[in-house]
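**Student:**
Protein chains in written order, with the working numbering: chain A, 14 to 717; chain C, 14 to 717.
1. So, is residue 590 of chain A buried or exposed, given that buried needs 16 or more other C-beta atoms within 10 angstroms?
2. What is the DSSP secondary structure of residue 674 of chain C, counted as helix, strand or coil?
3. Quick check on residue 613 of chain C: buried or exposed, where buried means 16 or more other Cβ atoms within 10 Å of its Cβ?
4. Report the rounded CA-to-CA distance for residue 377 of chain A versus residue 565 of chain C, giving the unit in angstroms.
5. Residues of chain C with a CB under 8 angstroms from the CB of residue 706 of chain A: which are they?
6. With DSSP collapsed to three states, give me the class of residue 476 of chain C.
7. Any Cβ of chain A within less than 8 angstroms of the Cβ of residue 688 of chain C?
8. How would you list, in chain order, the residues of chain A whose beta-carbon sits under 8 angstroms from the beta-carbon of residue 233 of chain C?
9. Within 8 angstroms of any Cβ in chain A, is that where the Cβ of residue 584 of chain C sits?
10. So with CB distances below 9 angstroms, who are the chain A contacts of residue 619 of chain C?
11. Could you list which residues in chain A have their beta carbon closer than 9 angstroms to that of residue 120 of chain C, in chain order?
12. Tell me the rounded alpha-carbon separation between residue 508 of chain A and residue 427 of chain A.
13. Tell me which residues share the same chain as residue 200 of chain A and place their Cβ nearer than 6 angstroms to its Cβ, disregarding the 5 neighbours each side in the sequence.
14. Can you tell which of A:527, A:576 and A:176 has its C-alpha closest to the C-alpha of residue 641 of chain A?
15. Given residue 665 of chain C, which residues of its chain have a CB within under 7 angstroms of its CB, disregarding the five upstream and five downstream residues?
16. For the candidate residues C:344, C:682 and C:706, whose alpha-carbon lies nearest to that of residue 189 of chain A?
17. Consult DSSP for residue 233 of chain A and reduce its assignment to one of helix, strand or coil.
18. For residue 483 of chain A and chain C, any beta-carbon pair shorter than 8 angstroms?
19. Sort A:156, A:425, A:486 and A:572 by Cα distance to residue 121 of chain A and report the nearest one.
20. Go through its chain and collect everything with a Cβ distance to residue 619 of chain A's Cβ below 8 angstroms, but skip five positions before and after it.
21. Nearest CA to the CA of residue 677 of chain A: which residue from A:358, A:231, A:609 and A:99?
22. Would you give the residue range spanned by the beta strand (DSSP E) that residue 275 of chain A belongs to?
23. Within the 8 angstroms Cβ cut-off, does residue 443 of chain A reach chain C?
24. Any C-beta of chain C sitting closer than 8 angstroms to the C-beta of residue 130 of chain A?
25. Is it the case that the Cβ atoms of residue 534 of chain C and residue 517 of chain C are separated by a distance below 8 angstroms?
26. Report the start-end ranges of each alpha helix (DSSP H) in the segment 519-570 of chain A that is 4 residues or longer and not cut off at the edges.
27. So for residue 54 of chain C, helix, strand or coil by DSSP?
28. Taking 8 angstroms as the CB-CB limit, is residue 450 of chain A close to chain C?
29. Determine the closest residue to residue 699 of chain A out of C:407, C:690, C:117 and C:340, with distance taken between C-alpha atoms.
30. Can you pull the chain C neighbours of residue 4 of chain A, defined as C-beta to C-beta under 9 angstroms?
31. In chain C, what lies closer than 8 angstroms to residue 371 of chain A by C-beta?
32. Got a sec? Which residues, its chain only, sit under 8 angstroms from residue 228 of chain A by beta carbon, not counting five neighbours each side?
33. Return the CA-CA distance between residue 653 of chain C and residue 390 of chain C, expressed in angstroms with no decimal places.
34. Have a look at residue 586 of chain C and residue 145 of chain C and give me their C-alpha separation to the nearest angstrom.
35. Taking only beta-carbon positions, decide if residue 112 of chain A is within less than 8 angstroms of chain C.
36. Please list the terminal residues of the continuous alpha helix (DSSP H) segment that includes residue 710 of chain C.
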C-alpha cells in the first residue's frame, strides 16, 4: 500500500489544474475510491464486511421483530409499499437538504406537500387512511402544512357540527390552508395570560380582534409566515366589557385571490431557528380584524346574538386539542428520530475501528468498547421502551376521546396529567439520547452529512413546544399530589396511580446480580422510589404550609423536588409498561428473549444512573447497587451482539436516514467523501481569494 | 388597551397592500412598537424596568468583580479599549450572521481575519501582545485562520531553531497561511493509527507523502478547505522500509502565485457541519507529494541525510502541541460561551413574566421560580468555577512548558492527564450548561436570534475535537490508577494527587444544613468519593486480572467505572480550586462573600446531582442528603438576588452577545420583532406561492 500513487477519479472542485496532474493508472484510482458517482444511490462496493458479519449472528428474526413493531406483517407490507411509492418519485427527494438555505428548505417543503396531495389522489390515499402516518415517517416530517392538520383537529374537537361541516371540507380539499395561532411573543405555556383580544360587537354580530401591544403579537405558529390563508386564533373574549377568558376564533389572514394579507393583518416569518428551516413559523398582528359571530368555535360554548355567553362543557376542553397533540407528536418527532439515531450510531460503531483493545491485534470496532456500549445501548433500549409506551398512551387517549365525545369529562384530569408527564419524559429522554448518539460518533457525527445534527436540533424543540417540559412535569406533580392526598385519606384514585397507596416493604430482597433480572425486583424498586419522592415532597409541602408559608410560595419551594417525583412516576410507568409488553409476547423467533434483555437494560440503566434516589432511604444498599451495576454491564455485552439486528429491525431505508454514516451497507468514508463534493462550498470559485487572501499573502493590505 | 387600533410603522414585508391600510394614528402605532428602526443599535425605550430593578440591589460592586475577573482594573481598561476599537469598525460586524449561508459566513470570517491584520498594524497590536485574547473574545472566534495559530504553535514547539527561524516569520507576516492536518477520515483520537505515509527517499533527500486509501484522507482540518497554503501533516515515517511512527511534516498545498492546489494535492471543503460554518474545514489527499528533508519538524528527532533516525526527546513530545491546545481552547470555546449564555438566559428570565406565583398578583418573573433558578444558577456558578480552574491550568502549563523547554520531560504525564481530564470535564459541563440555558429560555431560546443555538452547537464540537471526551477521561483514569497503585505501595506521587493516599474517615460529621456551607465538610466528601470511585475501580481491575481475564479485556470491563472515577477526580479538583481561590480573596466591595456563595452552590449542586456516589458507602446518609438539598435550595434563593449583577460583571457588550434576548436593556420582544424583519425569509416575494400554493388553493394540481 505504501507510496501507492492514489487519486480519485471523482469530480475535484479544488484540485490542481488538469495539465499538472500525474497520469496515474485507473486501477490505482479505483483502489482509493471504489465508486465515483455522486448520486446518493451510487453503487458502492457491497456491504462493509464489518457490518455484514454483525447480521450473521442475530439471536432473533429481524423480519419478525419489524412486523411486531409495525403491528403485524400486513402493516409492514403497507408501510413498505407507501415508502417505495414516495421514494421512487424524485419530487420527494431530500437528498440535498443539508446544503439548502432556509428559503430553499421552505420552498422544497411546500413543493413536497403540494405534490403529496397530487400523489395521494393518484394512489387513492386519504387524509384519514392508514397510509398517512407512513408518508410522514418516510418524509421525516420534512414537509409543509403540519399545522394545517392541527387547524383541522382543533375545529373537529372544538367546533360545532355546523362549523365542522363548513370548514373541514374546505380544509380537506386545501381550498384554504390553516394554522393554529396560540403562543404570543409574551406568552407560551401560560395560556390564560394571552393578550390578543376579541370583542363582541352586537351591532354587526362580529368579533373584533386586536393585538394590543408588542408582547401580544402571535409568534411561532408554523405554516403562518408565508403559507396559511386561515388560522385559529386564541384570544381573550370580551362581551359587554366582561372578559370570558381565552377562546378560539377562525380568522382569515390572506386573500384567497392573490395571497396578500387581509385588511388589518400584518404577517411574516420569524426568521432562522435552530432547525425547522422548512417551516415558515410566523408572526401575526391584528388590527380591528372582524370575523362573524359564527367564527368562534362553539362546540362547548357560544356567544348568542344578544351577547349572552353560554357554556355546555368544561372550559378545560379548550385545551384538549393541545393535550392530544402532545401525545400525537411523540412517535414522529422524537421516538422515530431516536430510532434513526440509534441506527446511524450503532451501524457506524460496527464499522468504525479505532485504537486497539488488545496490543498487536487489529484496531477494534468501537462498538466493542464498554464505554461505547454504555452510551448507545441504553438509548436503543429506550427507543423500544418509548415505542411501547406510545402504543399504551394512544390506547388510553382513544378511550378518553370516546368518553369526551359522549360529553363525559371525568377522565380529563388524568389524561392531562398523562399527556403532560409523558410528553415531557419522552421528549427529554429522546433528545438527550439523540445528543448521546451524535457525540458517540465523534467528529463525523458533528458533520451535517451524518444526519445526526438535524435529528437532534429538531427533537430539541419538542422539549419546549406544546408545553415546556418543566411546567408539564409540575402539572403531572400537581395531579399526583392530589391523588396521593386522596389515597392517604382512603378516597378512590384513578387506576394508573393506585400504586401510590401500596405498602412500603422494608427493603429490596435481592441477594445476587441475577435477582436484578427479575422484573418483580426492579419494578418494586421503581415503585418505592416514586412513592418516596412523592411522599417526601408532599410532606415538605404540608410542613411549609403548616409553618405559615403561603400555599403558592410553599409550592414554589417544593418544585425542584416535585419535578423529580413526576419524572420518577413516569419512569416507573414506562418500565412497568415495558415489562407488561414483554410478558404478553410469545417467544416465536426469539423475540421475547431479546425484548426481555432490552427491558432489563432500560430498567437497570435507570437505577444505575439515578442510584441516589434508590439508595437514599436504604431501599437498595450500596452492595445491591454493585449487583445492579454488574447485571447492567453484563447486559451491555449481551445486547451488543444483537445491536445491529436490533436497529435493522426499525427498517429505515437509506433515503429516510439520509446519513453518510448510517446506510445499510456501512460504506461510511466513501459516502462522506462523495457527499462533501456536492456541498456549495465546493461548487464555486472561492471569491474570498481575490478579495482578501491574495492581498494578504501578497502583502497588499494597504490597498484593501 | 382593548380594541386599540394598533399597527407598527416598521417595514412590513408581508403586510397587506398600502391602499388597504387603515389610517391609524401615529400615537397608537407608537403604543405597539416604540422603536421602528432596523438597526441592531436602534434606540429602544430605555432599560426594561424589570431589569433595571435587578441592578439596584447588588450585594457587591459589579465593576470591582469585573476587574477581578480580568486580572486587574488595568486589564479591564485594555480589554474595553480593544473591544471599542473593534466594534466601532463596521468591517467586523457580526450583525447579520444568523442570516448567512455557509459560503457567506466563510467569506465574512476571512474578511474579518484579513482586515484584522490591517487593524493590528494600525493599532500597533502584535500577535503575541496582550490585546490578542481580547480581540478574539470580542469577535467570538468568528474569524478565519484559527488553525494558522496552531500551525505556528506546532512549529514553535516541535521545530528546530532553524525551522522556527525560517517558518515563523513567514507565518507571522501571513506570507503563508497554515493549518494542522492530523485527523483522517478513519482516524481521530488514535494517532498511532494514522495511515498517511511519508517515505524518505535518500536519492533526492526528500520525503514522499501519500494518502494510501480512502480512510487516510485528511479530514476536518480548519482553514484547509479553501484558505491554507501550507499545513503540518502528521504521517507515518518510513526510512529504509522501517516505520518510525507518526511525525510532523510541513507541506505546501496551494500555489503562492494563484492559490491552485500544488501537484499531487487534492483539497476541498468537507461540507456543512452543526456549526463552524465560518470555518472551511477541509480534506486533503496527497499523491507522491515531495517535501525536502528539512520539512520534518525536528526539535526532538531527525532523519539524517544517510537515513539514520535520531531522537533526542520523548516521543510523547509530538503530542505536546495537542496537550497545550486542549487547555488553550477552554476559555474562548466554552467558558466564555457559558458566561454569555448565562448572561442571556438570566437577563431574559428577569424580564420574562409568565404565569402567576400568587393568585391575583402580576405574572411573575420566571427567575423567581425555583425550577428556573435550579436550571440557571448552577450554570452561573460553574462559569465562575471554570474561569478559576482555567487560571490554575494555565499556571500549571506555563511552569510545565518552561521545564520542557529545558528538556525536562518529567511533568509530561501529569500535564497530559490534567489536560485530558480538564478538557473533558470543562467542555462537557459547559456544553451541557449551554443546553440548559437554551432550554430555559423556552421557544425564544430556540430562535437563532437568541444567540443561544449557535453558542451551544459550537461548544458541542469541543466535546469531540482535540480528543473525544470519553477517551480523554480514560487517559486521566490510567494516570490516576498508576498513581493510586504507587501510593498504595508507598511510592511518591505527584502533588496534585497526594489526596489519593489520605486516610478514609468513617463518615461525614455534618449535623445541620449550615454545616454544608463549610468547605471543609464538602471538600472532604468530594475527596472521599473520588478516592472510593478510584479504589473500587482499581480493585475490580485487579480482581479481574487475578481471576485470569486478560489485562486489556479487564481494563475494558472497568471503563464505565473508570470514567466515573476520572470525572470525580476532576470535579473534586475544580471544587478545591474554587475554595482556595475564594480563600485568597479579600472581601473588598462584597466580592468574597458572593464568590463564597457561588462556590458553595457549585459544590452542593454536584452532591445533589450525584447523590448516589456520596450515599453509596454511607459517607453521607440520606438525612445528610436532605441537609445538602436544603442548603442547596436556600443558596438558590440567595444567589438569585445577585443573579443579574453577577452576569453584568462578565461585561459583554450587546454586539458581542449578539442576542435579541440578552441585551443590557432587556427590550426582548421589540428586538425579536425588529431582527426578524431582516431575515431573508421576509426579504423576497414568496416564490412558493405562484409555483405551488396557488395551484393547490385553486384546485389546479393536475396542471403541476
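Note that beta-carbon positions come from the ideal geometry of N, C-alpha and C, so glycine has one too. Predicted, not measured: the structure shown is a model, and the values here were computed from it.
**Tutor:** So, to answer that:
1. Here residue 590 of chain A is taken as the residue at index 577 of the first chain, counted from 1. Residue 590 of chain A comes out buried.
2. Translated into positions along the second chain, residue 674 of chain C becomes position 661. Three-state DSSP puts residue 674 of chain C in coil, outside helix and strand.
3. Your numbering for residue 613 of chain C matches position 600 in the second chain. Flag for residue 613 of chain C reads buried.
4. Within the first chain, numbered from 1, the residue matching residue 377 of chain A stands at position 364. Within the second chain, numbered from 1, the residue matching residue 565 of chain C stands at position 552. The alpha-carbon atoms of residue 377 of chain A and residue 565 of chain C are separated by roughly 12 angstroms.
5. Translated into the one-based positions of the first chain, residue 706 of chain A becomes position 693. 123, 127, 190, 240 and 272, listed in chain order.
6. Sequence index remark: in the second chain, residue 476 of chain C carries index 463 (1-based). In the structure shown, residue 476 of chain C sits in coil (DSSP, three-state: anything other than H, G, I, E or B).
7. Mapped onto the second chain, residue 688 of chain C falls at position 675. Residue 688 of chain C counts as touching chain A.
8. The residue you call residue 233 of chain C lines up with position 220 of the second chain. Neighbours of residue 233 of chain C on chain A, chain order: 456.
9. The residue labelled residue 584 of chain C in the question sits at position 571 within the second chain. Closer than 8 angstroms: no.
10. The residue given as residue 619 of chain C occupies position 606 in the second chain. Within 9 angstroms Cβ-Cβ: nothing; residue 619 of chain C doesn't reach chain A, min ~12 angstroms.
11. Position 107 of the second chain, counted from the start, is the residue given in the question as residue 120 of chain C. The contacting residues are 699, 700, 701, 704 and 705.
12. Reading the first chain from its first residue, position 495 is the one you call residue 508 of chain A. Reading the first chain from its first residue, position 414 is the one you call residue 427 of chain A. Roughly 10 angstroms separates the two Cα atoms.
13. Numbered from 1 along the first chain, position 187 holds the residue referred to as residue 200 of chain A. The residues are 206 and 207.
14. Translated into the one-based positions of the first chain, residue 641 of chain A becomes position 628. When each option's Cα is compared against that of residue 641 of chain A, the closest is A:527.
15. Here residue 665 of chain C corresponds to residue number 652 of the second chain, with the count starting at 1. Answer for residue 665 of chain C: 353 and 356, listed in chain order.
16. As a working mapping, residue 189 of chain A is identified with position 176 in the first chain. For residue 189 of chain A, the nearest C-alpha among the options comes from C:706.
17. Position 220 of the first chain, counting from 1, holds the residue named residue 233 of chain A. Coil at residue 233 of chain A, not helix or strand.
18. On the first chain, position 470 is the one that residue 483 of chain A refers to. Closer than 8 angstroms: yes.
19. Along the first chain, one-based indexing puts residue 121 of chain A at 108. Among A:156, A:425, A:486 and A:572, the Cα nearest to that of residue 121 of chain A belongs to A:156.
20. Stepping through the first chain from its first residue, residue 619 of chain A is reached at position 606. For residue 619 of chain A, where only same-chain residues beyond five positions count, the Cβ hits under 8 angstroms are 539, 584 and 588.
21. Here residue 677 of chain A corresponds to residue number 664 of the first chain, with the count starting at 1. Measuring from the Cα of residue 677 of chain A, the nearest candidate turns out to be A:358.
22. Position 262 of the first chain, counted from the start, is the residue given in the question as residue 275 of chain A. First-last for residue 275 of chain A: undefined, no H or E at that position.
23. Sequence index remark: in the first chain, residue 443 of chain A carries index 430 (1-based). By this cut-off, residue 443 of chain A is not an interface position.
24. In the first chain, the residue the question calls residue 130 of chain A occupies position 117. Yes, residue 130 of chain A counts as interfacial toward chain C.
25. Reading the second chain from its first residue, position 521 is the one you call residue 534 of chain C. Reading the second chain from its first residue, position 504 is the one you call residue 517 of chain C. Against a cut-off of 8 angstroms, the Cβ pair of residue 517 of chain C and residue 534 of chain C comes out as no contact.
26. 532-559
27. Numbered from its first residue, the second chain carries residue 54 of chain C at position 41. For residue 54 of chain C, the predicted model reports a pLDDT of 41, less than 50, meaning its position is unreliable; a value from the coordinates is still stated below. If DSSP states are grouped into helix, strand and coil, residue 54 of chain C belongs with coil.
28. Locating residue 450 of chain A in the first chain gives position 437, where the first residue counts as 1. No, its Cβ sits nowhere closer than 8 angstroms to a Cβ of chain C.
29. In the first chain, residue 699 of chain A corresponds to position 686, counting from 1. For residue 699 of chain A, the nearest C-alpha among the options comes from C:117.
30. Beyond the ends of chain A as shown, which are 14 and 717, falls residue 4 of chain A; an answer cannot be given.
31. Counting from one through the first chain, the residue named residue 371 of chain A turns up at place 358. Per Cβ cutoff of 8 angstroms: 563, 565 and 566.
32. Position 215 of the first chain, counting from 1, holds the residue named residue 228 of chain A. Result list for residue 228 of chain A: 197, 198, 199, 200 and 208, in chain order.
33. Here residue 653 of chain C refers to the residue found at position 640 when the second chain is read from its first residue. Here residue 390 of chain C refers to the residue found at position 377 when the second chain is read from its first residue. Using only the alpha carbons, I get a separation of about 7 angstroms.
34. Indexing the second chain from 1 puts residue 586 of chain C at position 573. Indexing the second chain from 1 puts residue 145 of chain C at position 132. Going by the C-alpha atoms only, they are around 29 angstroms apart.
35. For the purposes of this step, residue 112 of chain A is taken as residue 99 along the first chain, with counting starting at 1. By this cut-off, residue 112 of chain A is an interface position.
36. Looking up residue 710 of chain C in the second chain gives position 697. Run containing residue 710 of chain C: 707-710, per the alpha helix (DSSP H) assignment.
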